[in-house]
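K.L.:
Okay, structure coming up:
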């Protein structure tokens, strides 16, 4: 793992990015103290499951899942303030 100071990182950013594209991680330091890690972007692993992907799996849904929520927010109405 290569360590570079901030000035060198600003001056040679293109070269450092090429190294990152080739799988290397770069530590950026200020006065010899590491402050940042320059590494390749990793896309998120969690993707939205396609429809039907839970087929055959056990799951449940509350009987009142579609109950109206009208009275749930009554406490936020101005007449409830005291």
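In the numbering used here, the protein residues as written are 1036 to 1117. Ideal Cβ placement from N, Cα and C applies to all residues, glycine included. No experiment lies behind these values; they were computed from the predicted model shown.
Does the distance from the C-beta atom of residue 1067 to that of residue 1040 stay below 9 Å?
P.N.:
Looking up residue 1067 in the chain shown gives position 32. Looking up residue 1040 in the chain shown gives position 5. It is a contact, given that the beta carbons lie within the stated cut-off.
K.L.:
Could you give the first and the last residue of the continuous beta strand (DSSP E) run that contains residue 1065?
P.N.:
Position 30 of the chain shown, counted from the start, is the residue given in the question as residue 1065. Start and end: 1061 to 1065.
K.L.:
Take residue 1054 and list the residues in its own chain whose beta-carbon comes closer than 8 Å to its own, dropping the five residues that flank it on each side.
P.N.:
As a working mapping, residue 1054 is identified with position 19 in the chain shown. So the qualifying residues of the chain are 1037, 1061.
K.L.:
Drop a sphere of 10 angstroms on the beta-carbon of residue 1051, count the other beta-carbons inside from all chains shown, and report buried for 16 or more, exposed for fewer.
P.N.:
Taking the chain shown and counting its residues from 1, the one referred to as residue 1051 is at position 16. Residue 1051 should be labelled buried.
K.L.:
Looking only at DSSP bridge pairs, what is residue 1040 linked to?
P.N.:
What you label residue 1040 is simply residue 5 of the chain shown in a count that begins at 1. Answer is 1064.
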